[in-house]
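If you use my numbering, the sequence shown closes out at 208, no skipped numbers anywhere.
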Amino acid sequence: AGGFPDRTRRPQLDLGIKVTMCQAMTMARKYGWTVGITAEDLSCVPALFAYGWREFETEAPLEDFFIAMGYARDREVARKHLVAIQEFSFKAGEYAGVVFSPLEWTKIEPDMVMVFCNPAQLMRLVHAATYQTGGNLSSVFAGRLGSCSEGVIQTLRSGEPKVVLPGNGDRVWAMVEDDEMLFTIPSQRLAGIVAGLEASHRAGIRY
């Protein structure tokens, strides 16, 4: 439905529940499901804003959310958080939905790949990402909206691999473990990173 592949599970339609974006990712990576998300499936208020499914200009509750959750001491700080989220957000109407599918048997041609990994594996992926390009990787970290905004949106917007710090929601709602980090790869960079990983491994940089 709505352009999703056959047998895509929709939380609201198929399970009768709304979920967070990070929970949809977990369903894909833990259960092997292909999961489709639109605004009607999504329970996470910040993600609704980030994915362009609510308007920043007309909704004050997001500032209240930051204060109530303890992310901001007052409304002035909450507004700064709001500005930061808008940097990694989709425009209203830019996307109608998102689909997550396990890479081993993906039902989609992915725009990007997300790798949940430990810090040592993350180090090797960074080696691989810079093997052919040199220099450093650049990422931002806020400890909130980790996988959904800093992971998905930051990566698609930049077209570059990113190191992602899973946010509080990732850990509370989506079962991300305390030793897990996240590395995101735009699909156009995937072959080069695989080649860099193989070459640096042959040279003796291993985990």
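C-beta: ideal position from N, C-alpha, C; glycine also.
inquiry  = Here's a check: name, in chain order, each residue in its chain whose Cβ is nearer than 7 Å to the Cβ of residue 24, leaving out the five neighbours to either side.
reply    = Short of 7 Å from the beta carbon of residue 24, and not among the five residues preceding or following it, lie these beta carbons of its own chain, in chain order: 174 and 175.
* Taking all protein chains shown into account, do 16 or more other C-beta atoms lie within 10 angstroms of the C-beta of residue 31, making it buried, or fewer, making it exposed? -> Counting every other CB atom within 10 Å of its CB across the protein chains shown gives residue 31 a total below 16, marking it as exposed.
field: Buried versus exposed, by CB contacts within 10 Å (16 or more), residue 18
entry: It counts as exposed.
### Message
For residue 188 and residue 194, I'd like the C-alpha separation in whole angstroms.
### Response
Taking the straight line from one Cα to the other gives about 10 Å.
Quiz item: In whole angstroms, what separates the C-alpha of residue 206 from that of residue 105?
Solution: Their backbone Cα atoms lie some 26 Å apart in a straight line.
**Asked** Between residue 112 and the rest of its own chain, which residues show a CB-CB distance below 8 Å, the 5 nearest in sequence each way excluded?
**Response** Residues of the same chain with a CB within less than 8 Å of the CB of residue 112, apart from the 5 flanking positions on each side, are 157, 187 and 188 in chain order.
Handout entry: Sequence-distant residues of its chain with Cβ nearer than 6 Å to residue 129 (five each side left out)
Key = Same-chain partners within the cutoff: 194, 197 and 198.
- Message: Can you look up residue 131 in the DSSP assignment and give me helix, strand or coil?
- Response: Looking at residue 131 - three-state DSSP - the assignment turns out to be helix.
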